[in-house]
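Throughout, this note's numbering is defined as the position within the sequence shown, counted from one, plus 259.
All residues carry an ideal CB built from backbone N, CA and C; glycine is no exception.
Notes follow once the structure below has been shown.
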Amino acid sequence: MTQSEIANHKHKILFDTDPGIDDAMALLLALVSPEIEVVGVTTVFGNSHVEATTRNALNLLDLAGRPDIPVAKGADRPMVLPRGQTGEFVHGDDAMGNIGWTAVHNPDQKPLDVPAAQFIAETIMAHPGEITLVAVGPLTNVGLALQLEPRIAQAARGVVIMGGSVATPGNVSPLAEANIHNDPHAAALVFGAGWDVTMAGLDVTMAVRMDEDFFAALRRSGNRFGQFIGQIAPCYQQFHRERYGYPDGGVDTHDPSAIAYLIDPTLFRAERWSVVVPLDGPAMGATIADRRGRFWTTPKVNCLMQVDAARFLAMFQARLTA
Ligand code: BDR
Ligand code: CA
260 MTQSEIANHK HKILFDTDPG IDDAMALLLA LVSPEIEVVG VTTVFGNSHV EATTRNALNL
320 LDLAGRPDIP VAKGADRPMV LPRGQTGEFV HGDDAMGNIG WTAVHNPDQK PLDVPAAQFI
380 AETIMAHPGE ITLVAVGPLT NVGLALQLEP RIAQAARGVV IMGGSVATPG NVSPLAEANI
440 HNDPHAAALV FGAGWDVTMA GLDVTMAVRM DEDFFAALRR SGNRFGQFIG QIAPCYQQFH
500 RERYGYPDGG VDTHDPSAIA YLIDPTLFRA ERWSVVVPLD GPAMGATIAD RRGRFWTTPK
560 VNCLMQVDAA RFLAMFQARL TA
């Protein structure tokens, strides 16, 4: 494709996020990718409380030289349940790898006056058929936006989430992935709304490992985005070593998978199934897929099931070292 063809096919995305080390990796990958235009960032609790994830979002955009991208602060608790444990034990006290992000670096940068759900609803309705929602945290803001303006389900171009799992054990309970478990009621709304939802869940995100050689190459490069990812990675590497016993400084590649799907869907093999989210009990927050395709008639979700890990990692590394 020529540069102008790429520009015409660009995905205009709203990035809903709880930064978060892998959220930062995903956002920086989006910002360097010509296939993607980030039109706004919305924040949610998850890897920390929402004040911290909003601060991190503002600092990431400042670091990236993109303070022009609006940030809207969102929910600090799930739609129905009380908030569970936030993710500092994975992502560090500042949820950014313990690099001391305790304040907003650029005092001129402030979140918008409107809450995230309203910003999501208004942005999608102002650009019918154009906006793809990429949600890589708990789905609370998206659920609230659907309640506020149900027509976004027809007006959005699509939704890509990092969350859930079809055939891989959970990472916060035997069956559940963290983002869905953090707000199962919101997830149930998102899966049931009838829009085009793609789920980048643990089936693919735990099948791609960035390791110490990978991060060392980012650090060695002259690319300041890559260097920053190399700087925040050690905390995430330590968590994966302690929790899963991963060798060689390996980490899962969660949130960048949602962006990689938009950049190049041929990296993945997908299957379409109805997905149901239990709201309580031992399976709370699981994403149960009707893999025989014969039991449920609820909207089909595009579930990413396999990934070409080598090609994904090569693409990521090339873009963050260039
Ligand atoms: C998800 O949970 C968060 O910790 C990560 O940022 C990712 O979005 C993985 O289960
Ligand atoms: Ca996240």
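- Of the candidates ILE547, LEU538, ALA289, the residue whose Cα lies closest to the Cα of HIS444 is LEU538.
- Non-local C-beta neighbours of ALA581 in its own chain, meaning closer than 7 angstroms and more than five positions away in sequence, comprise ASN482, ordered along the chain.
- The closest CA to that of CYS562, considering only THR399, PHE378, VAL418, is found on VAL418.
- If you compare the alpha carbons of LYS271, ARG578, LEU526, ARG553 with that of ALA385, the shortest gap goes to LYS271.
- Residue range 559 to 566 is occupied by the beta strand (DSSP E) that includes MET564, with no alpha helix (DSSP H) assigned at that position.
- Selection ALA517, GLY324, GLY544, TRP454 evaluated against ALA412 yields TRP454 as nearest (Cα-Cα).
- At the C-beta level, PRO370 and VAL330 come within 8 angstroms of one another.
- The beta carbon of ALA573 sits closer than 6 angstroms to none of the beta carbons in its chain outside the five residues before and after it.
- Judged by the Cβ position, VAL395 qualifies as a neighbour of ligand 1 at the 7 angstroms threshold, a heavy atom of the ligand being closer than this.
- When DSSP reads this structure, ILE390 sits in a beta bridge with LYS271.
- In this chain, the alpha helix (DSSP H) harbouring ILE280 covers 280 to 290.
- Under DSSP, ARG468 shares a beta bridge with ASP511.
- Per DSSP, ILE328 lies in no alpha helix (DSSP H) and is assigned neither H nor E.
- Under the DSSP definition of a beta bridge, PHE527 partners with VAL566.
- From the listed residues MET543, PHE484, ALA569, the smallest Cα separation to SER516 is found for ALA569.
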